[in-house]
Ligand code: GDP
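Numbering (this note's numbering), first residue to last: 1462 to 1971.
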């Protein structure tokens, strides 16, 4: 094996690309800060150039984000710890932004599930967990806020197990509780990690001894294979705020956190350590820099080594794509990426060529699968106040839809465009960005529709269906037909009346 292939494999094997999933307030931001602090923030490839402002752990460039104190933008934070390079993909915190979050989860190899020790499993954690389960993503559980009044650890383990139908194996055990919480006991290494010395007679040690007997007698041990399959989660206890248990978590990611996984394409599975570079675009961000009109495509490298200046194949269009300025993103910072490996995420500036779900390869005709579009739950007609701006609005809506801010449906009967969103916050973001970035003021009007489903079937049947339902049909951004229904009842009736057609609420793109 040549030195460079060996070096590539070593680099790939030490990548840990993960996301944190949690309910708002469970402590994701605090834990992120602690992780970044424990690891050295790094410059990845040799010849890098810093651009932009100081590093932040929260991407907060957008006005609306600042106003609401939420993180709308997905970004990447890279740090080094224990010989590994960690790419932490930030998922938007607000529940309205689920589509973006889902897509981000298609680009990670594992997830850390943060749970508030007093509240247990909350709604959003469960939803995000379900997405991880769909993709068999291994989950590491971090039970946070053990420094406060918390539920009993056995009860918490039970809750994770029963609510999520997931096996749990405690990896550490808390020493002391609430105000007297002083550290963790590592069940595998049989080591104490304490923030202060405890006398042998300390009641916390007595209690620990009794609990450990129960733990070791009654609870499953960590099993690597079940973890890799997403069927078992190791559980860590800690306090992000007081920096207890954070290194337990990082050490676990180093020792058994999964390296870049194989990714499915329409034709074959691509292994991370294949020599040829492949990448998947999972997010588009427009107007990151108000002075430049370019768009940033966030791509996960799925295999091989990326080098700046490569000529790539853009599989959807079949055209060549010259990779002149791939960039690493560190929240607000950017650096030119000279070199990157499977597992890394790079930003690729472009003028709209790259779309969500696109595959880039060195030459092979491959298409990665698994990046979803979800049927919107809210549909609105866009009302334009200044008719002179109709053309501008059309272009702006297309660009923002390509970015994934909203979904755009053009009714086949020529009526004004309809936008679809999964949560109402997306509508506010659309309105703010149209005004701020394109100078177009809009309002929203209700539509007679409340549901959208992608519809497909053989050609003759589709043509007949389209002819008979034109006023309820629209084309999405890719020109695929979407059936709009006024109610779930109508939807069901239509599907029953057309059993040869397929109506779906998730469209795979790519
Ligand atoms: P996020 O919404 O999940 O990002 O949560 P944050 O990290 O912003 O934390 C929410 C609140 O919980 C903040 O007031 C934090 O200071 C607090 N918090 C986070 N971690 C801990 C912890 O380990 N112990 C305690 N007592 N408070 C915490």
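Beta carbons: idealized from backbone N, C-alpha and C, even for Gly.
Just to check, is the beta-carbon of residue 1623 closer than 6 angstroms to a non-hydrogen atom of the ligand GDP?
no
With DSSP collapsed to three states, give me the class of residue 1981.
Past the boundaries of the shown model lies residue 1981; the chain is included only from 1462 to 1971, so the question cannot be answered.
Please state if the CB of residue 1738 and the CB of residue 1784 are separated by a distance shorter than 7 angstroms.
no
Cβ-based neighbour list, residue 1865, same chain, cut-off 8 angstroms, excluding 5 preceding and 5 following
1560, 1561, 1564, 1744, 1745, 1817
What ranges does the beta strand (DSSP E) occupy inside the stretch 1791-1828, keeping only unbroken runs of at least 3 residues that lie completely in it?
1794-1797, 1800-1802, 1806-1811, 1820-1822
If you reduce the DSSP assignment to three classes, tell me which class residue 1518 lands in.
Here the model assigns residue 1518 a pLDDT of 32, short of 50, so the residue's position is not dependable, and the following value carries that caveat. Coil at residue 1518, not helix or strand.
Member of 1720, 1600, 1969 whose CA lies at the smallest distance from the CA of residue 1632
The residue with the shortest Cα to Cα distance from residue 1632 is 1600.
Please state the DSSP three-state secondary structure of residue 1464.
Note: residue 1464 maps to helix in three-state DSSP.
Would you kindly report the start and end of the unbroken beta strand (DSSP E) that includes residue 1841?
Per DSSP, residue 1841 belongs to the beta strand (DSSP E) from 1839-1845.
Should residue 1894 be labelled buried (16 or more other beta-carbon atoms within 10 Å of its own) or exposed?
buried
If you draw a straight line from the alpha carbon of residue 1859 to that of residue 1869, how long is it in whole angstroms?
7 angstroms
Hey, is the stretch 1709-1716 in contact with the stretch 1540-1552, meaning 3+ C-beta pairs nearer than 8 angstroms?
Enough Cβ pairs lie closer than 8 angstroms, so yes.
Per-residue DSSP class, three states only, for residue 1512
Confidence in residue 1512 is poor, its pLDDT being 34 and thus under 50, which makes the residue's placement unreliable; the coordinate value appears in the next sentence. Three-state result, residue 1512: strand.
Please report how far the alpha carbon of residue 1607 lies from the alpha carbon of residue 1634, in whole angstroms.
11 angstroms
Would you say the stretch 1574-1581 touches the stretch 1480-1497, given that touching needs at least three Cβ pairs under 8 angstroms?
At 8 angstroms Cβ cutoff, the stretches touch.
Check residue 1498 in the structure and name its three-state DSSP category.
Look at residue 1498 here: in three-state DSSP terms it is helix.
In the DSSP assignment, find the beta strand (DSSP E) that holds residue 1768 and state where it starts and stops.
1766-1768
Judging by CA-CA distance, which residue of 1802, 1538, 1787 is the nearest neighbour of residue 1763?
In this structure, 1802 is the residue among 1802, 1538, 1787 with its C-alpha nearest to the C-alpha of residue 1763.
Contact check, residue 1855 vs residue 1824, beta carbons under 7 angstroms:
no
Does DSSP put residue 1923 in a helix, in a strand, or in coil?
In the structure shown, residue 1923 sits in a helix (DSSP, three-state: H, G or I).
Can you tell which of 1842, 1909, 1834, 1847 has its C-alpha closest to the C-alpha of residue 1938?
1834
Which value, in whole angstroms, describes the spacing of the CA atoms of residue 1954 and residue 1732?
44 angstroms
To the nearest angstrom, how far is it from the Cα of residue 1619 to the Cα of residue 1691?
17 angstroms
Would residue 1943 be called buried (16 or more neighbouring beta carbons within 10 Å of its own) or exposed?
buried
Ordered along the chain, which non-local residues of its own chain (more than five positions away) have a Cβ less than 8 angstroms from that of residue 1901?
1845, 1847, 1850, 1853, 1854, 1857, 1895, listed in sequence order.
Just to confirm, does residue 1606 get its C-beta within under 6 angstroms of one of the non-hydrogen atoms of the ligand GDP?
yes
Report the three-state DSSP secondary structure of residue 1889 (helix, strand or coil).
helix
Mind checking who residue 1628 pairs with in its DSSP beta bridge?
1693
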